[in-house]
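Worksheet: the structure to be examined is printed underneath.
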Amino acid sequence: METAMRSNPAGGRYGGVDAVKLAAAFLVVAIHTGPLLTYGEYADFLVTGVLGRLAVPLFFLASGFLFFRKLTGRPRKNERALRKYGGKIAMLYAIAIVIYLPLNVYKGDFAGSVTAGGLLRDLLVDGTFYHLWYLPALWLGIHLVYFLHKKISINGVLAITIVFYAIGLLGDSYYGLAVRSDVLEGVYDWMFLWFDYTRNGLFFAPVFIALGLWVAKRPERTPRGSGLLALFLLSLAGLFGEGIALRAADWPRHDSMYILLIPAVGALFLLALRWRIRVSPLAGSLSQWIYLLHPAAIVAVRGIAGATGLDAWLVGHSLLHYVSVCAVSIAAALTVALLTERRRRARRQQSQPAIQA
752 METAMRSNPA GGRYGGVDAV KLAAAFLVVA IHTGPLLTYG EYADFLVTGV LGRLAVPLFF
812 LASGFLFFRK LTGRPRKNER ALRKYGGKIA MLYAIAIVIY LPLNVYKGDF AGSVTAGGLL
872 RDLLVDGTFY HLWYLPALWL GIHLVYFLHK KISINGVLAI TIVFYAIGLL GDSYYGLAVR
932 SDVLEGVYDW MFLWFDYTRN GLFFAPVFIA LGLWVAKRPE RTPRGSGLLA LFLLSLAGLF
992 GEGIALRAAD WPRHDSMYIL LIPAVGALFL LALRWRIRVS PLAGSLSQWI YLLHPAAIVA
1052 VRGIAGATGL DAWLVGHSLL HYVSVCAVSI AAALTVALLT ERRRRARRQQ SQPAIQA
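Note that my numbering has the sequence shown beginning at 752, numbered continuously upward.
Written as structure tokens, this is what we have:
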């Protein structure tokens, strides 16, 4: 996310990447609002359960690309960059935890018996709110890929992370296959004592972050745009087929992880790198804050609907609900992004030496 996506080496921005990240942020909002439920549950599944699943892997890949691209090959400098990046993720996570703490209390998350182990699991793996799992997953995934890359080749990193992803698949969309084996079912039952889902920083994030590493360090020859587009469209069509088939077989325990997400997201990101488009310098920050703030926007829209008597429209009509949540999310994200940019500029000015008369 934005913590790793400030600028490219030439000082400009990756406009295509920022544009795709914005689209991905709105897909995440769709996952949590169900925009097509009014029109049909199956149509909504195709959007939120298949197409929308491109979003988070794209964030992971973009973060991996822009983090590893700026590493120099000098170990000490790279270690400092990793610590700085990890610190930014941790700080952002701490801010998000504080933002959503009142909603945790309102939901009654602390009403029952709360154990130290449960708190640690939520804090370190599952996230303290339903969308915040992304930040500890990004932190762990970046560190895992970084330290693997110190020891082995990029192809080796990709191979290992693909194995981890395969393990995650059997606990997610391919769970119905895993439970056919008593041994595997027992293994996954044990794993789910430690975390709720396999879409986490160990099994889900690393392969896409490793793809970002591969893109960052690949030779400069760029695949043809037509070839990338064909790969993306074929992978996307296959992804829909995969999602539909798995749903028909009733295999998914959760539907975050698919096999064809890997080529689809990879091709989409490479296409985005080729798009030379101008976007606002705030675009990357906007996608980050839309992601982080949209659950609060959902609560706000429901509150507004209740206060104004517009529940039937703003909540009951799924597409209007989605549009309303997007509008509130954009307003909140833009406010935070502008305030953050203003603060950054003020710090930059203060750090500049005064001109002596």
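Quick reminder that beta carbons are idealized off the backbone N, C-alpha and C, glycines included.
The Cβ atoms of THR879 and TYR851 lie closer than 8 Å to each other. Excluding residues up to 5 positions away in sequence, ALA775, VAL1016 lie with their Cβ nearer than 6 Å to the Cβ of LEU809 in the same chain.
Note on geometry: alpha-carbon atoms of PRO1003 and TYR925 lie some 6 Å from one another.
For VAL1052, the enclosing alpha helix (DSSP H) begins and ends at 1034 to 1059. For the pair HIS1072 and ARG1094, the Cα-to-Cα distance works out to about 33 Å. In this structure, the alpha-carbon of ASP1006 lies about 6 Å from that of ASP923. Relative to LEU1065, the option among GLY785, GLU1092, VAL908 whose CA is nearest is GLY785. For the options GLY1060, GLY1054, SER1031, TYR939, the alpha carbon positioned closest to that of ALA1088 is the one of SER1031. Of the residues ALA956, TYR939, ALA1023, the one whose Cα lies closest to the Cα of ARG975 is ALA1023. Note that the C-beta distance between GLY952 and ALA888 is below 8 Å. Linking PHE991 to ARG1096 through their CA atoms gives a straight-line distance of about 45 Å.
Judged by DSSP in its simplified three-state form, ASP933 adopts helix.
Beta-carbon to beta-carbon, CYS1077 and VAL780 are separated by about 6 Å, close enough to satisfy the 8 Å threshold. Distances from the alpha-carbon of LEU805 to those of GLY907, PHE955, VAL1074 put PHE955 closest. It is roughly 16 Å from the alpha-carbon of LEU883 to the alpha-carbon of ILE893.
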